[in-house]
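Student: Quick note on numbering: full-length UniProt numbering labels position 428 of the sequence shown as 428, and the sequence is numbered without any gaps. Built from N, CA and C at the ideal position, the CB exists for glycine as well. Please see the structure below; I have some questions.
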Amino acid sequence: MKMLRVRLARTLYAYIVKLKPYINRFIPFRVKELLKPNILEMAYPADIIPINRDLYMNATHPKGINLIGYSRAEMGIGESCRIAARSISATEVPFSIINYEYNNPARMQDHTWIHKEVNQAQFKVNIFHLNADQMIFANAHLGNSFFTNHYNIGYWHWELPDFPDEWKIGFNLVHEVWAPSNFVADSIKVKSPVPVITIPHSIFVDLGEVHFDRVHFNLPTNRFLFMSMYDVHSFQERKNPKAVIRAFQEAYSPEDESVGLVLKVNNASSNPGEIKDLVAMIGTYTNIFIIKETLSRTEMNGLMNVIDCFVSLHRSEGFGLGLAEAMFLGKAVIGTNWSSNTDFMNPYNSCVVNYKLVKVGRDYGPYKAYQDWADPDTSHASEYMSKLSNDSEYYKSISRAGQETMLTEYSPQRIGQLIKDRLKEIQLY
């Protein structure tokens with residue numbers, strides 16, 4: 001009887017996922033938030049998830065890594081999987097990729113690592129580049145044997161101090177967790193019954209053979225350009241692009257033709273209302289430019305390369321890829337001095353912005369009202385903007401130091417070695 005209830009609940013949840021656009025339109029948010037945990041609890045009860053962690057020891061798979069994730073997805077967590085592939089490929093550890101697309105609405109057109117894709121888990125270690133809330137779905141989708149015959153590592157992102165209780169069920173499916181920053185690791189450790197290890201993202205920006213200039217992106221050629229970006233699917237409230245607009249408006253007049261602010265919005269069509277709000281806030285500032293078009297990864301790298309300074313006044317970050325990639329390219333960066341990006345940002349290699357901790361205040365998806373996050377000081381950010389655009393020596397000092405940090409501490413070779421060392425430590429390489 002229990003297994004019948006489980007099957008029915010899983011079938012119901014599968015239909016909910018398929019009908020998500022209609023559910024979002026007709027069912028109030030509060031109702032959805034109340035129903036979802038109950039359906040999930042029925043569909044994936046903890047006592048039927050495999051927790052035998054020792055079967056992998058008798059498995060005959062050769063040593064190496066099965067990298068499971070959204071390897072084709074044009075979004076942050078997809079890039080996380082591709083970054084892991086790059087780090088592992090800098091070592092002699094054999095690996096293959098299983099492209100996983102279940103329950104992900106993102107465009108799946110990044111084929112960078114398609115040559116490493118396979119259909120079966122060939123090696124002893126599974127590394128899941130799926131966040132904790134997706135692990136139960138991976139278990140249902142891939143099957144029990146996929147987990148029980150391998151050593152399972154979850155590479156999880158999370159952006160706030162308190163790791164969600166409803167995600168703890170994911171611990172039953174992994175032998176250990178890797179996190180991209182100390183901030184994320186500290187959050188997960190509080191509730192984790194398994195080891196939690198910090199393995200950062202490696203940073204390398206491939207500009208390719210095609211040269212993109214500002215004209216390609218319809219941007220002015222003779223201005224100091226700031227840039228900020230966010231994905232509509234990542235919650236505007238957390239990424240906080242409006243704070244960047246406010247800081248720019250504090251620093252410069254609407255007619256100032258010596259500077260510009262570029263806002264790159266990914267998946268803009270998913271929420272036209274958000275874009276309308278940004279346009280209204282921009283008002284008469286003709287030196288603020290919104291790019292809504294979908295860009296290839298090569299174009300995105302090219303866009304990053306033609307700007308002068310990357311700005312992220314986030315309330316919290318699970319890593320801060322945009323900041324790190326801009327630093328790699330030798331750009332100055334301005335960022336909130338809180339959460340994961342503080343692992344690689346400091347007053348000597350970047351412009352770290354003062355903040356105060358505030359309550360989230362209301363629920364935004366997984367970010368609950370009781371949690372804390374940062375409220376960055378836009379006046380402080382504005383001062384940095386003015387200084388960078390007017391003091392070339394300061395700009396050179398900051399940007400060179402930031403680039404050096406990325407090249408030495410976050411290279412694929414260094415992070416690949418961390419991965420290899422950890423596998424050796426647990427006797428799996």
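Could you check what DSSP says for L278 in three-state terms: helix, strand or coil?
Tutor: Reduced to three states, the DSSP call for L278 is helix.
Student: Roughly how many angstroms lie between the CA atoms of E159 and V306, to the nearest whole one?
Tutor: Cα to Cα, the separation comes out at about 29 Å.
Student: So, is H115 buried or exposed, given that buried needs 16 or more other C-beta atoms within 10 angstroms?
Tutor: By the 10 Å Cβ count, H115 comes out exposed.
Student: Starting from the Cα of R422, find the closest Cα among I65, M57, T11 and give me that residue.
Tutor: The candidate whose alpha carbon is nearest that of R422 is I65.
Student: List in chain order: all unbroken beta strand (DSSP E) runs of 3+ residues lying wholly within the UniProt domain "Glycosyl transferase family 1" (232-347).
Tutor: For the UniProt domain "Glycosyl transferase family 1" (232-347), whole beta strand (DSSP E) runs of length 3 or above, ordered along the chain, are 259-266, 288-291, 309-312, 332-336.
Student: Please confirm if the region 247-257 is in contact with the region 276-293, defined as three or more CB-CB distances below 8 Å between the two stretches.
Tutor: Counting Cβ pairs under 8 Å, three or more are found: they touch.
Student: Would you tell me roughly how many angstroms separate the C-alpha atoms of G170 and F128, rounded to the nearest one?
Tutor: Whole-angstrom Cα-Cα distance: 11 Å.
Student: Of the residues K264, S145, M42, A369, which one's Cα is nearest the Cα of H61?
Tutor: Comparing Cα positions, the closest option is S145.
Student: Which ranges would you report for the alpha helix (DSSP H) in the region 362-392 if only whole runs of at least 4 residues count?
Tutor: Taking only runs of at least 4 residues, the alpha helix (DSSP H) segments lying wholly in the region 362-392 are 378-390.
Student: Name, in chain order, the residues that DSSP records as bridge partners for N179.
Tutor: Correcting the residue type first, residue 179 is Ala in the shown sequence and not Asn. DSSP, once it has assigned bridges, lists T198 as partnering A179.
Student: Which of helix, strand or coil does DSSP assign to K356?
Tutor: Strand, per DSSP.
Student: In three-state terms, what does DSSP make of A157?
Tutor: Contrary to the premise, residue 157 reads as His rather than Ala in this sequence. DSSP places H157 in coil when its eight states are reduced to three.
Student: May I ask you to check if the CB of K387 is nearer than 8 Å to at least one heavy atom of the ligand ADP?
Tutor: Judged by which ligands are present, the structure shown has none, so any question about the ligand ADP falls away.
Student: May I ask you to report which of helix, strand or coil DSSP gives Y230?
Tutor: Strand.
Student: If I measure Cβ to Cβ from Y235 and keep anything under 8 Å in the same chain, skipping five residues before and after, which residues do I get?
Tutor: Here the sequence assigns Phe to residue 235, which means Tyr is not the residue at that position. Cβ within range, chain order: Y364, G365, Y367.
Student: Return the Cβ separation of S212 and L303 in integer angstroms, given the expectation that the two are a contact with Cβ distance under 8 Å.
Tutor: Note that residue 212 is Phe in the sequence shown here, rather than Ser. Indeed they touch by this definition, with Cβ atoms about 7 Å apart.
Student: Would you report the Cα separation of V265 and L4, rounded to the nearest angstrom?
Tutor: Their Cα atoms are separated by approximately 44 Å.
Student: State buried or exposed for S253, treating a residue as buried only when at least 16 other CB atoms are found within 10 Å of its CB.
Tutor: That one is exposed.
Student: Between I288 and I245, is the Cβ-Cβ spacing less than 9 Å?
Tutor: Yes, Cβ-Cβ distance for I288 and I245 is below 9 Å.
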